[in-house]
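**Q** Heads up: the sequence lines are chains S and L, in that order.
Each residue of the first sequence is one higher than the one before, counting from 77 in the working numbering.
Each residue of the second sequence is one higher than the one before, counting from 77 in the working numbering.
There are 2 protein chains.
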Amino acid sequence: MSVSPVREALARLVATGLVTAEHNLGYRVAPLSADDLKDLVDTRVREEAWALRQSIGNGDEMWEGRILASLHVLERLPRENPDDQTLYNEAWEKRHSDFHHALISECGSKLTLAFCENLRDLNDRYRRLSLVLEGGARNAATEHRAIAEAAIERDAPRAIEALSSHYLATAQYLLETYAE
Amino acid sequence: MSVSPVREALARLVATGLVTAEHNLGYRVAPLSADDLKDLVDTRVREEAWALRQSIGNGDEMWEGRILASLHVLERLPRENPDDQTLYNEAWEKRHSDFHHALISECGSKLTLAFCENLRDLNDRYRRLSLVLEGGARNAATEHRAIAEAAIERDAPRAIEALSSHYLATAQYLLETYAE
DNA sequence: ATGTGAAAAACTTTCGAAAGTATGGCAATA
DNA sequence: TATTGCCATACTTTCGAAAGTTTTTCACAT
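Printed below as a string of structure tokens:
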């Protein structure tokens, strides 16, 4: 493989914020920082809270169905990689992403959805790091179910509260661990 | 100039959403549409309203100074290009962008600021089109001053109302013109 | 020891051409 | 006339090398 396609791929990663570029100095993995994580989680909670509220207002029974379907297949897979505990279970990661997307998918704004997807990609690096550190102590499955149920019952405040604390818990753990 | 740097530039435009790409079919100018514009303006009003409110809460006297300075230099330049009425006055465009950035610059979230900048870039195509059509009938200068004054007086609701209607007016004109 | 400057090495970017892919035209067939 | 399949053409992507830039090395002078 030549440099051209690699550079194209890097250019895309720069656009998402996962990689930084400086002219004549090449590309670098974007650094992680506590400030970045705080901004990331706060912004994500704000955006997804709005998107979830809109979806609860707009979504029909098909939307409810998609939430239940994505939650179901998510619960049928272990979060850990069965073959190698040090690796991620990419299939679970995909389904996890799909579940969260389903929740906000009926918000009515493509731009907001694209932004949320971008924020998820940025956040994933921190979340995966947290996963390694806490070793799956928290029960994410219970939290997912709580969010889904509140959303389907059209209880926006409860759904948003459940989603927010779901996002905040992971970040909080990481921030406290690194504060030491 | 070779294809490589052109492709890199196009890749960046794809990232902002101004250009679309399809594998083996090349790049295209992203289409304009009424739906896109509605989403764009709604999202932008929501994001900038939040960012302005935060800035009004966080901003110090230096922030106030930057708003006044950017408004001042904006008012000292004509919106139209003095040499050719069919061209834009790029210097004015730059100062206009700087003014709007100054208003929200103290919101405290880099991610939100980056998103707002992206939305501004996307919106500019529609705004410039509107500029040609309405021929500068509206008095943007008065609106800018109203936003700045409300912001500096720390009147968040009034500032947000002024900013929102400033953004909505341009879009509304364009949507109505094309609805015919 | 410390700093300076030139030369070499390593790396990034750009280039022109080759390889690969889609589109349009044309002849053969129904 | 309409449809199919093939070929030529135009375009997009990828390649390997050349050109350009930054970093390191090392001799020399302070």
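Backbone N, C-alpha and C define an ideal beta-carbon position, used for all residues, glycine too.
Here the structure is a predicted model, which means the values were calculated and not measured.
If distances are taken between C-alpha atoms only, which option among ILE132/S, ALA245/S, LEU195/S comes closest to ALA226/S?
**A** Taking the first residue of the first sequence as position 1, residue 226/S is located at position 150. Among ILE132/S, ALA245/S, LEU195/S, the Cα nearest to that of ALA226/S is on ILE132/S.
**Q** Would you say ILE268/L and LEU244/L are within 7 angstroms of each other, going by their C-beta atoms?
**A** For residue 268/L there is no data in the structure shown, the boundaries of chain L being 77 and 256.
**Q** Could you list which residues in chain S have their beta carbon closer than 7 angstroms to that of SER78/L, in chain order?
**A** Taking the second sequence and counting its residues from 1, one reaches residue 78/L at position 2. Those do not exist, as SER78/L stays about 11 angstroms from chain S at its closest Cβ, beyond 7 angstroms.
**Q** Is there contact here, the stretch 84-98 of chain L with the stretch 139-157 of chain S, by at least three beta-carbon pairs under 8 angstroms?
**A** no
**Q** Cα-Cα, which of CYS183/L, TRP168/L, ILE180/L, SER185/L is closest to ALA217/L?
**A** Numbered from 1 along the second sequence, position 141 holds the residue referred to as residue 217/L. Nearest of CYS183/L, TRP168/L, ILE180/L, SER185/L to ALA217/L, Cα basis: TRP168/L.
**Q** GLU219/S by DSSP, collapsed to three states: which one?
**A** On the first sequence, position 143 is the one that residue 219/S refers to. If DSSP states are grouped into helix, strand and coil, GLU219/S belongs with the helices.
**Q** Please classify TRP80/L as buried or exposed, where buried requires at least 16 other C-beta atoms within 10 Å of its C-beta.
**A** Within the second sequence, the letter at position 4 stands for residue 80/L. In the sequence as presented, Trp is not what sits at residue 80/L; that position holds Ser. By the neighbour-count criterion, in which 16 or more other beta carbons inside 10 Å mark a residue as buried, SER80/L falls on the exposed side.
**Q** Identify, in the order they occur along the chain, each residue of the same chain with its Cβ nearer than 8 angstroms to the Cβ of ARG203/S, setting aside the five sequence neighbours on each side.
**A** Mapped onto the first sequence, residue 203/S falls at position 127. THR246, listed in sequence order.
**Q** So, using beta-carbon positions, are ALA178/L and ILE143/L closer together than 7 angstroms?
**A** Here residue 178/L is taken as the residue at index 102 of the second sequence, counted from 1. Here residue 143/L is taken as the residue at index 67 of the second sequence, counted from 1. Yes.
**Q** Cβ of ALA97/L less than 7 angstroms from any chain S Cβ?
**A** Residue numbering aside, residue 97/L sits at position 21 when the second sequence is read from its first letter. No - not a single Cβ of chain S is within 7 angstroms of the one on ALA97/L.
**Q** Between which two residues does the alpha helix (DSSP H) holding GLY141/L run?
**A** The count along the second sequence starts at 1 and reaches residue 141/L at position 65. GLY141/L -> alpha helix (DSSP H) spans 137-151.
**Q** Alpha carbon to alpha carbon, how far is VAL105/S from ARG171/L? Give it in angstroms, no decimals.
**A** As a position in the second sequence, residue 171/L is number 95, starting the count at 1. As a position in the first sequence, residue 105/S is number 29, starting the count at 1. Roughly 33 angstroms separates the two Cα atoms.
**Q** Could you check which residue in MET77/S, GLU252/S, GLN161/S, CYS192/S has the C-alpha nearest to that of ASP118/S?
**A** Walking along the first sequence from the start, residue 118/S turns up at place 42. Nearest of MET77/S, GLU252/S, GLN161/S, CYS192/S to ASP118/S, Cα basis: CYS192/S.
**Q** Using a C-beta to C-beta distance shorter than 8 angstroms, which residues of chain S count as neighbours of SER185/L?
**A** On the second sequence, position 109 is the one that residue 185/L refers to. Ordered by position in chain S, the residues that pass the 8 angstroms Cβ test against SER185/L are ASP115, ASP118, THR119.
**Q** Any C-beta of chain L sitting closer than 7 angstroms to the C-beta of PHE175/S?
**A** Position 99 of the first sequence, counted from the first residue, corresponds to residue 175/S. So, not an interface residue.
**Q** Rounded to the nearest angstrom, what separates ALA85/L and HIS99/L at their Cα positions?
**A** Numbered from 1 along the second sequence, position 9 holds the residue referred to as residue 85/L. Numbered from 1 along the second sequence, position 23 holds the residue referred to as residue 99/L. C-alpha separation (whole angstroms): 16 angstroms.
**Q** Take the Cβ of VAL82/L as the centre, count every other Cβ of all protein chains shown within 10 Å, and call the residue buried at 16 or more, exposed below.
**A** Walking along the second sequence from the start, residue 82/L turns up at place 6. Exposed, since its Cβ has fewer than 16 Cβ neighbours within 10 Å.
**Q** Mind checking LEU147/S: buried by the 16 CB within 10 Å criterion, or exposed?
**A** Here the question's residue 147/S lines up with position 71 in the first sequence. Around the Cβ of LEU147/S, a 10 Å sphere holds 16 or more other Cβ atoms; the residue is buried.
**Q** Expressed to the nearest angstrom, what Euclidean distance is found between the alpha-carbon atoms of GLU182/S and TRP126/L?
**A** Here residue 182/S refers to the residue found at position 106 of the first sequence. Here residue 126/L refers to the residue found at position 50 of the second sequence. GLU182/S and TRP126/L: Cα-Cα distance of roughly 22 angstroms.
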